[in-house]
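Peer 1: Have a look at this one before I ask anything.
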Amino acid sequence: MNRVEGILSGIASRMAAAWFVLLATTAVALLALYDGALPALAVISAWLIVCAAAIAAIRPRLAAEEESVPDSLETVLAFDFGDLPGLLDEIDLAIYLLAPDGTVLFQNRSASDTFGKFPLGSHISARMRAPGVLDIIRDTLANGRVNQIEYSERLPSERVYLVRSAPVSDAEKPVFMLVLRDVSEARRIDRMRSDFVANASHELRTPLASLRGYIETLQGPAKHDVKAQERFLPIMLDQATRMSRLVDDLMSLSRLEAKAHLPPDQTVTLNALLGHVRDSLLPLAEDLEVSIHLFMPEEPVTVNGDKDELVEVFENLIENACKYGSEGGKVEVYLKPLSPSGAEVSVVDHGPGIPSEHVPRLTERFYRVSVADSRSKKGTGLGLAIVKHILTRHRARLSVKSEVGQGTTFTVRF
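Under full-length UniProt numbering, think of the first position of the sequence shown as 1, with each following residue one higher.
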C-alpha cells in the first residue's frame, strides 16, 4: 500500500505543477487582451503554444509512472493484510501471529475454540506456559529460526500438540507464526498398536510355553509313561485350541477393519437370527445351568446387516452373559422394533455385575475385568472388540449398563 500511495502522490504533484503553469499563462494572456497591449491573435497563439508544451511535459512522466504501477490497483489491494485473518480462520490448526516482542497480534478461530479467547496485545507467555514451548518461541523471535516441539497437556483432558514457530515476514517489522496441531488421536492409535502387539505376543506365548513344556516332558522322562501321556495330551489339546481361538479372533478383527467403511447391503430378520443363536448356545447354557429366554414381538423385525456378522455379535453377547452371569441362573434377550426402521436388542444377565470403572474399557482389545475368570472360561479378550467393530460397520451402537450385585445389560441399537 505504501508503494501505491507514493506513486499516486508523485503523479498528483507533477500534474499540479503543470496545471499551475497553464493557469498562470492563461491569466497573463487575459490581462494582455484586456489592456490591448498585444494583438489578440498573438496572445492566443502564445497561450496555445504554452499549453501544448505543458501537456508534452506531463505526458512522458505519466507514461513512465503508468509503467511502474501494477496492471490493476485492485490486484495490489487484494493482497492487503486485511484478508489474512479470514484465510487463517478457515484453517483447522490453532494459529497465532506474534510481534517481535512476543505479543499476540492475531489468533484464528481454531485457536480461540481450543485455548479460549486471548486478549490481543498480551504476551504469548500468558497463554503458553510450558517451558519447552516458550524456549522455541524465544529462539525464533531472537534468531529467526524455525523450531518444532511436541507438547502435551494433562488437564482438562490429555491432549498432545505438535508446536511449530517460524518467521513469516522479513520486513522492517517482522511477523512470526505459532502453529499448534493436535496429534492426540494419532498418538493414541500408535499406543494402541504397540499395546496390541505386546498383548497378542503375551497371549500366544503362554500356551506355546505350556505346549513346549509338555512336549519336552513326553519326549524325555514320560516317553514311555502311558498315564502321563493320557494326562498331558488333553491339556496340550486345550492349549492348542486356545491358540486357534486367539488366531481366529485376530483374523476376524483384521477382516472387519479392512471393510469397516463398507456398510452391509443385505436385510436380516432379527427374530429368526436370535432364535438360531439361542438354539446354538443351548448346550453351553445347560452345562452352566443357565436358561435363555427370548422376548420378541410376533411381527418380523428387520434391519440392514450381514447375517453371519450379526450372528457373531449376539453369540458373543449371549455367551458372555451365560458365562459371567451364570450365578443369576438365567439370561433374558429382548427384541424391540424402533420407528421408522430401527431395532433394539438387549441381553440381560443377573450375575455379579461389572464395577463402573471397567465399563468404558470393555470393548478394548485384550481388556479383561478379571484375567483369571476370563482364562478359566476360555475367553480371548477380543470378543467385545469384535462386537464393537461389527456394530460400527452396521452403523449401530452398543451401550452397557451394569450395577455390582444386580447384573449387566448389553444393548444394541440399530
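Glycine is no exception: its CB is placed at the ideal position from the N, C-alpha and C atoms.
Note that the coordinates shown come from a computational prediction; the quantities given were computed from them, not determined experimentally.
(1) If you compare alpha carbons, which of Tyr96, Thr269, Val183 is closest to Phe176?
(2) Taking the alpha carbon of Glu286 as the point to measure from, which residue in Gly305, Val331, Leu273, Val247 has its own alpha carbon closest?
(3) Would you check if the distance between the CB atom of Ala396 and the CB atom of Phe410 is smaller than 7 Å?
(4) For the stretch 251-260 against the stretch 233-241, do three or more pairs of beta-carbon atoms, one drawn from each stretch, fall closer than 8 Å, so that the two count as touching?
(5) Considering only residues of the same chain and omitting the five flanking positions on each side of Ile292, which have a CB-CB separation below 6 Å?
(6) Starting from the N-terminal side, write out each stretch of the beta strand (DSSP E) that is 3 residues or longer and does not extend beyond the stretch 326-377.
(7) Alpha carbon to alpha carbon, what distance is there between Gln107 and Glu312?
(8) Mapping the DSSP letters down to three states, classify Ile91 as helix, strand or coil.
(9) Taking the CB atoms as reference points, tell me whether Ala301 and Asn271 lie closer together than 7 Å.
(10) Roughly how many angstroms separate the alpha carbons of Met192 and Val290, rounded to a whole number?
(11) Less than 7 Å between C-beta atoms, sequence neighbours within five positions excluded: which residues of the same chain meet that for Asp182?
(12) Less than 7 Å between the beta carbons of Tyr151 and Val168, yes or no?
(13) Given Leu317, which residues of its chain have a CB within under 7 Å of its CB, disregarding the five upstream and five downstream residues?
(14) Ends of the beta strand (DSSP E) at Gln148?
(15) Could you work out which residue in Ala200, Ser201, Leu233 is closest to Glu216 when comparing CA atoms only?
(16) According to DSSP, is Pro167 helix, strand or coil?
(17) Hey, Ile124 and Gly144: beta-carbon distance below 7 Å or not?
(18) From this set, His389, Arg164, Pro100, Ser244, which residue's C-alpha is nearest Leu310's C-alpha?
(19) Assign Asn304 to one of three DSSP states: helix, strand, or coil.
(20) So for Gly407, helix, strand or coil by DSSP?
(21) Let me know the secondary structure DSSP gives Ser402 once reduced to three states.
(22) In terms of residue numbering, what span does the beta strand (DSSP E) encompassing Ile292 cover?
(23) Ile354 and Val333 - do their beta-carbons sit closer together than 7 Å?
(24) Hey, quick one: how far does the beta strand (DSSP E) through Phe106 stretch, first residue to last?
(25) My assumption, with CB atoms under 8 Å, is that Arg164 sits in contact with Gln148. Please give the rounded CB distance.
(26) Taking the DSSP output, what are the residues bridged to Thr267?
(27) Can you name, in chain order, every residue of its own chain whose Cβ lies under 7 Å from the Cβ of Phe115, other than the five neighbours on each side?
(28) Ignoring anything shorter than 4 residues, give me the alpha helix (DSSP H) runs that lie fully in the stretch 170-258, in order along the chain.
(29) Find the nearest neighbour of Leu98 within the set Arg393, Lys307, Pro221, Phe118, judged by alpha-carbon distance.
(30) Within its chain, find whatever has a CB closer than 6 Å to the CB of Glu153; leave out the 5 residues flanking it on each side and keep chain order.
(31) Counting only the same chain and skipping the five closest in sequence on each side, list residues whose C-beta sits under 8 Å from that of Pro263.
(32) Helix or strand or just coil, what does DSSP make of His394?
(33) Buried or exposed, going by whether 16 or more other CB atoms sit within 10 Å of the CB of Glu319?
(34) Determine the direct distance from the alpha carbon of Arg138 to that of Pro131, and round the result to whole angstroms.
(35) Tell me, to the nearest whole angstrom, how far the beta carbon of Gly86 is from that of Val104; I am working on the premise that it is less than 8 Å.
Peer 2: Straight from the coordinates:
(1) Tyr96
(2) Val331
(3) Against a cut-off of 7 Å, the Cβ pair of Phe410 and Ala396 comes out as no contact.
(4) no
(5) Cβ within range, chain order: Arg278, Ala285, Val331.
(6) 330-338, 342-349
(7) 50 Å
(8) coil
(9) The question names Ala, but residue 301 is Val in the sequence shown. Yes.
(10) 36 Å
(11) Arg159, Tyr161
(12) no
(13) Val347, Val387, Phe410
(14) 147-153
(15) Leu233
(16) Three-state result, Pro167: strand.
(17) In terms of Cβ geometry, Ile124 and Gly144 do not form a close pair [threshold 7 Å].
(18) For the residues His389, Arg164, Pro100, Ser244, the minimum Cα distance to Leu310 belongs to His389.
(19) strand
(20) strand
(21) strand
(22) 291-295
(23) Not closer than 7 Å, so no.
(24) For Phe106, the enclosing beta strand (DSSP E) starts and ends at 104-107.
(25) With a Cβ gap of about 5 Å, Arg164 and Gln148 count as contacting.
(26) Asn304
(27) Ala94, Arg127
(28) 184-219, 226-258
(29) Phe118
(30) Arg159
(31) Taken in chain order, the residues that qualify are Asn304, Arg393, His394, Arg395.
(32) coil
(33) buried
(34) 10 Å
(35) 18 Å between Cβ atoms; not a contact.
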